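All letters in the sequence shown, in the order written, are residues 331 to 814 by the numbering used here.
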Amino acid sequence: MLGARSSAPARRKTAGVLTALGALVVAGGAVAQAATPPTHTAVAATQHRVLFDNSKAETAGNADWIISTSQPDPLGENASPQAEDDWTGALSSWGVALQKTGNYALKTLPSGGTITYGTSSATDLKNFDTFVMPEPNVLLSAAEKTAVMQFVKNGGGLFLISDHTGSDRNNDGADAVEVINDLMSDNSVDSTDPFGFSVDSLNIGTDNPRAISDSADPVLNGSFGKVTGSIIRNGTTVTLKPSDNPAAKGLVYRTGSSGNTGAFFATSTFGSGRVAFWGDSSPIDDGTGQPGNTLYDGWNDPAGTDAALALNATEWLSGAAGSGGDPTPCTAAQLFANPGFESGSSGWTATSGVINTSSGEPARTGAYKAWLGGKGSAHTDTLAQTVTIPAGCAASLAFQLHIDTAETSSTAYDTLKVQVLNGSGTVLGTLATYSNVNAASGYALRTFDLGAYAGQTVTLRFTATEGSKLQTSFVIDDTALTVG
Numbered sequence: 331m332l333g334a335r336s337s338a339p340a341r342r343k344t345a346g347v348l349t350a351l352g353a354l355v356v357a358g359g360a361v362a363q364a365a366t367p368p369t370h371t372a373v374a375a376t377q378h379r380v381l382f383d384n385s386k387a388e389t390a391g392n393a394d395w396i397i398s399t400s401q402p403d404p405l406g407e408n409a410s411p412q413a414e415d416d417w418t419g420a421l422s423s424w425g426v427a428l429q430k431t432g433n434y435a436l437k438t439l440p441s442g443g444t445i446t447y448g449t450s451s452a453t454d455l456k457n458f459d460t461f462v463m464p465e466p467n468v469l470l471s472a473a474e475k476t477a478v479m480q481f482v483k484n485g486g487g488l489f490l491i492s493d494h495t496g497s498d499r500n501n502d503g504a505d506a507v508e509v510i511n512d513l514m515s516d517n518s519v520d521s522t523d524p525f526g527f528s529v530d531s532l533n534i535g536t537d538n539p540r541a542i543s544d545s546a547d548p549v550l551n552g553s554f555g556k557v558t559g560s561i562i563r564n565g566t567t568v569t570l571k572p573s574d575n576p577a578a579k580g581l582v583y584r585t586g587s588s589g590n591t592g593a594f595f596a597t598s599t600f601g602s603g604r605v606a607f608w609g610d611s612s613p614i615d616d617g618t619g620q621p622g623n624t625l626y627d628g629w630n631d632p633a634g635t636d637a638a639l640a641l642n643a644t645e646w647l648s649g650a651a652g653s654g655g656d657p658t659p660c661t662a663a664q665l666f667a668n669p670g671f672e673s674g675s676s677g678w679t680a681t682s683g684v685i686n687t688s689s690g691e692p693a694r695t696g697a698y699k700a701w702l703g704g705k706g707s708a709h710t711d712t713l714a715q716t717v718t719i720p721a722g723c724a725a726s727l728a729f730q731l732h733i734d735t736a737e738t739s740s741t742a743y744d745t746l747k748v749q750v751l752n753g754s755g756t757v758l759g760t761l762a763t764y765s766n767v768n769a770a771s772g773y774a775l776r777t778f779d780l781g782a783y784a785g786q787t788v789t790l791r792f793t794a795t796e797g798s799k800l801q802t803s804f805v806i807d808d809t810a811l812t813v814g
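Right, dumping it as structure tokens:
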């Protein structure tokens, strides 16, 4: 920096809005973009590939959460099943119903298997469109959690089915509530509430939760029938946190609950993928299975429409016809108007003089850049642009940032916040906060994954706030909002 920034009227004014770039991350945390994992394979025209997990003690105790004893391929038990007992397992009704449509290819990850993404294994998640975890009772390893999160981030569908707290069927110290919360809160991809909900530590004895009224929702109104409600026979709910992920949505609620609490069935998105959660395994139990298990026929319980809910959700997660269509093909593009500021204020909204050609802080490329702060007195500058991120797209925000300061203390006196706002001006998430402490020579590339905002119109705003003494300059150039 060559001195405090001039506020001469010759400096250009700006107007605009800034949006996001991402491949599935959390709203709310400053997340440096990770290396791109293997691309999720596109689904075939009519075959939607579903992998059911049996690697996490899904048959421990009285549980029998498998579609067939023939694993990985259920067709080994019966190649043309017509009734639920043509396959053996408490989830056989679910599997047979999908198989009979001719539109699904089903497999099981057997006991002793490992969840992977990007390997040559036939049961690797890259070979599937949806991964079903029916009441997992073993904590996933760090590598397995990375695999699941990358799978969803790159377009996969994840079906999480919990049970009540204390349902540790294999007595290893972890129940389904803990397994699912651990996946979401302690992984290498995004641990800042990526799906916008957390599982409640509850044991709700008996209830018949009802579905919300939403004639357009594809899970409640899929090709397998209209969903009116479900059943709880010892289960739990989730607490929604739309400020972390605005896509989180409750579809079926515990009696007396609504809004962000008591959601028994919920959906969300993460990056390019989709997520569904169900708070009890009783609704997926068809009452038949391997000898020695005490099972309950929740699949056909007249108090709920559990079969339709399970099948419609699988349809939606897989991007199948009737689920609101296959995930919208995303055309690679850069969405920012005037990303390098070379057209002055065009496309941006900013404090007067922020976009300029002053030699006091040179642009990284070209003549123009956005120079926020640099006054050396109490002052606030903003720079923003609003963009619509197409649904189903991965999106990434990138920009070059140079921070120059006259401050000598390790205290953060002057700050720059990078935030995402909705149309009402509400802050949906703070991506990062920089300060005079981060000052360094030259520009540094900053990238953020904002896939959680796919399908929304959002404003990305930079806000620089200086204290009353000593300048700090936050200089931005070469922005990009990339989707694809």
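Backbone N, C-alpha and C define an ideal beta-carbon position, used for all residues, glycine too.
Just so it is clear, the structure is predicted and the values come from calculations on it, not from any experiment.
Query: DSSP has LEU584 in a bridge; who is on the other side?; Result: The residue asked about is misnamed: residue 584 is Arg in this sequence, not Leu. DSSP lists no partner for ARG584.
Query: I'd like the list of long-range same chain contacts for LYS799, defined as Cβ closer than 6 Å, with 5 residues on each side in sequence excluded.; Result: none
Query: Give the DSSP-derived three-state secondary structure of ASN484 in the structure shown.; Result: coil
Query: If you measure from the beta carbon of GLY391 to each beta carbon in chain C, is any gap under 8 Å?; Result: No chain C is part of this structure, which consists of one protein chain only.
Query: Assign LYS799 to one of three DSSP states: helix, strand, or coil.; Result: coil
Query: Decide if the segment 607-625 is in contact with the segment 483-495; the criterion is three or more beta carbon pairs, one per stretch, under 8 Å apart.; Result: yes
Query: What number of angstroms, rounded off, separates the C-alpha of ARG694 from the C-alpha of ALA714?; Result: 19 Å
Query: Residue range of the alpha helix (DSSP H) that LYS430 falls in?; Result: 422-431
Query: Straight-line CA distance for ALA651 to ASN433?; Result: Confidence in ALA651 is poor, its pLDDT being 42 and thus under 50, which makes the residue's placement unreliable; the coordinate value appears in the next sentence. Roughly 10 Å separates the two Cα atoms.
Query: Out of curiosity, what's the CA-to-CA distance linking GLY406 and ASP537?; Result: 38 Å
Query: Quick one: what's PHE312 bridged to in DSSP?; Result: Residue numbering for the chain in the displayed model covers 331 to 814; residue 312 lies beyond these limits and cannot be assessed.
Query: Do you know offhand how far GLU388's Cα is from LEU751's?; Result: 41 Å
Query: Straight-line CA distance for ALA769 to PRO464?; Result: 49 Å
Query: Please determine whether the Cβ atom of ALA473 lies at a distance below 7 Å from any heavy atom of the ligand SAM.; Result: The ligand SAM is absent from the structure shown, which contains no ligands of any kind.
Query: When DSSP labels each residue in this structure, what does TYR783 get in the three-state scheme?; Result: helix
Query: Name the DSSP beta bridge partners of GLY555, please?; Result: GLY552
Query: Grab the span of the alpha helix (DSSP H) containing SER515 for me, first residue to last.; Result: 506-515
Query: Under 8 Å: do the segment 478-488 and the segment 517-532 share three or more Cβ pairs, one atom per stretch?; Result: yes
Query: For ASP734, report the span of its beta strand (DSSP E) as first-last.; Result: 725-735
Query: Mark SER515 as exposed unless 16 or more other C-beta atoms lie within 10 angstroms of its C-beta, in which case mark it buried.; Result: exposed
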